[in-house]
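Engineer: Quick one: structure below, then a few questions.
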Amino acid sequence: MRIEGSIIGFYEYMNLVLDVAEEIHSKTKSRKQLGRVMLKGDNITLLQSASN
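Position in the sequence shown (first residue = 1) + 2 = the numbering used here.
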């Protein structure tokens, strides 16, 4: 599973705030709209630029 979205803010310890976030399951490719979320930095394993 991965989460995609636009970074709109970050805090100490690399916590990120994402807007228009989506949860994407790698096997089924299904997408679930999440809206605005905060990801804790210790759970983030990869940041990657997405093409528009």
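Here a beta-carbon is modelled for each residue, glycine too, at the ideal position from N, C-alpha and C.
Which one or two residues does DSSP pair with D21 in a beta bridge?
Structural biologist: S8
Engineer: In three-state DSSP terms, what is M16?
Structural biologist: helix
Engineer: From this set, V22, Y15 and M16, which residue's C-alpha is nearest R38's C-alpha?
Structural biologist: V22
Engineer: Do E25 and L41 have their CB atoms nearer than 8 angstroms?
Structural biologist: no
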